[in-house]
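Q: Residues -27 to -1, 1 to 177 (mature numbering (1 follows the signal peptide of the UniProt record, and there is no 0)) are what the sequence shown spells out, left to right. Built from N, CA and C at the ideal position, the CB exists for glycine as well.
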Amino acid sequence: MSQRRRLQPISAVILLLALSLPPYIFASHNQDQPNHESNPISRFQNYLKINTAHPKPNYTAAVDYLTDFSATIPTLQTQTIYLTTPDKPLLLVTWLGSNPSLPAILLNSHLDSVPAEPSKWIHDPFAAHLTDDGKIYARGAQDDKCMDLGLLSRVSEEKLAWLAKHSKSTTSEERPIWSLVLTLAHQWSREALLTLCLDTSTIL
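1. Give the secondary structure of asparagine 81 by DSSP, where H, G and I count as helix, E and B as strand, and everything else as coil.
2. Cβ of tryptophan 68 versus every heavy atom of the ligand GDP: is any distance shorter than 8 Å?
3. If you compare alpha carbons, which of Pro88, Val128 and Asp41 is closest to proline 30?
4. Alpha carbon to alpha carbon, what distance is there between asparagine 19 and proline 13?
5. Along the chain, where does the alpha helix (DSSP H) that runs through residue 218 open and close?
6. Taking leucine 155 and leucine 125 to be in contact with their CB atoms under 8 Å, please state how far apart those CB atoms are, rounded to whole angstroms.
7. What is the DSSP secondary structure of proline 13, counted as helix, strand or coil?
8. Can you give me the start and stop residues for the beta strand (DSSP E) that valine 128 sits inside?
9. Rounded to whole angstroms, what's the CA-CA distance from cysteine 119 to serine 74? Just pull it up for me.
10. Measure the alpha-carbon distance for leucine 21 versus aspartate 60 and round it to whole angstroms.
11. Tell me which residues share the same chain as isoleucine 23 and place their Cβ nearer than 7 Å to its Cβ, disregarding the 5 neighbours each side in the sequence.
12. Within 10 Å of its beta-carbon, does serine 92 have 16 or more other beta-carbons around it, so buried, or fewer, so exposed?
13. Relative to the C-alpha of serine 86, which candidate in Thr48, Val128 and Asp121 has its C-alpha closest?
14. Quick one: what does DSSP say arginine 112 is sitting in, helix, strand or coil?
15. With a threshold of 6 Å on Cβ separation, who are the neighbours of glutamine 52 within its own chain once the five nearest residues in sequence on each side are excluded?
16. State the start and end residues of the unbroken beta strand (DSSP E) segment that holds isoleucine 54.
17. So, with DSSP's three-state summary, where would you put serine 92?
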């Protein structure tokens, strides 16, 4: 077995660890920051305001939001797939590697969350309230919307660009050798035959 093949799993682990940290933890928690989509905190809050809690999760709005954000990131390809019914879309986001013949790295996150009981919250669970000490109160903030947006934000904020610079790509475009595929779906999407699932910011 060649040295390159032995190093591939290590590279994959580094990639997973880099992606598993939501980007907003590095941002300044300031309520006075302008509310625009270039601000990762505001972007996260706007995503949290989309109600994807059961029993009636709005998957379509969530997929539309993530698709619009993906469109701002160069080189990404998006595709919406319907495995079951029209109200349960699955968003497939692909960064095509320089060698598509190699196996892709597949990361999965889910869009839905458990039901919210507003009477038991100190803040509206769909207002994404940000406190002065940097806490965000919202249903799905940890499970699993931080991962949904965190994965895409890592691509946008040059984590993968750094990895691409250290890959042995033979093209002028900076991209990794392997392809990266993100699936953002409903209820774990067991029917999609996924090989790796991220939930609550933890590798399972």
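A: Checking against the coordinates, here is how it stands:
1. By 1-based counting over the sequence shown, the position of residue 81 is 108. It is a strand residue.
2. With respect to the ligand GDP, the structure shown offers nothing to examine, as it has no ligands at all.
3. Sequence index remark: in the sequence shown, residue 30 carries index 57 (1-based). It is Pro88.
4. Here residue 13 refers to the residue found at position 40 when the sequence shown is read from its first residue. Here residue 19 refers to the residue found at position 46 when the sequence shown is read from its first residue. When the Cα atoms are used, proline 13 and asparagine 19 turn out to be separated by approximately 10 Å.
5. Residue 218 is absent from the model: the chain starts at -27 and stops at 177.
6. Translated into positions along the sequence shown, residue 155 becomes position 182. Translated into positions along the sequence shown, residue 125 becomes position 152. Indeed they touch by this definition, with Cβ atoms about 7 Å apart.
7. To locate residue 13, count along the sequence shown from 1; it is residue 40. Assigned with DSSP and collapsed to three states, proline 13 falls in helix.
8. Walking along the sequence shown from the start, residue 128 turns up at place 155. Going by DSSP, valine 128 is part of no beta strand (DSSP E) but of the alpha helix (DSSP H) stretching over 119 to 129.
9. For the purposes of this step, residue 119 is taken as residue 146 along the sequence shown, with counting starting at 1. For the purposes of this step, residue 74 is taken as residue 101 along the sequence shown, with counting starting at 1. In this structure, the alpha-carbon of cysteine 119 lies about 31 Å from that of serine 74.
10. Counted from its first residue, the sequence shown places residue 21 at position 48. Counted from its first residue, the sequence shown places residue 60 at position 87. Leucine 21 and aspartate 60 have their C-alpha atoms some 19 Å from each other.
11. Counting from one through the sequence shown, the residue named residue 23 turns up at place 50. So the qualifying residues of the chain are Asn31, Ala34, Ala35 and Tyr38.
12. Walking along the sequence shown from the start, residue 92 turns up at place 119. Serine 92 comes out exposed.
13. Your numbering for residue 86 matches position 113 in the sequence shown. Across the set Thr48, Val128 and Asp121, the C-alpha of Asp121 shows the shortest separation from the C-alpha of serine 86.
14. Position 139 of the sequence shown holds residue 112. Coil at arginine 112, not helix or strand.
15. Within the sequence shown, residue 52 is the residue found at index 79, counting from 1. Answer for glutamine 52: Leu65, listed in chain order.
16. The residue given as residue 54 occupies position 81 in the sequence shown. That run of the beta strand (DSSP E) goes 49 to 55.
17. Start at 1 with the first residue of the sequence shown, and residue 92 comes out as number 119. In the structure shown, the three-state DSSP call for serine 92 is helix.
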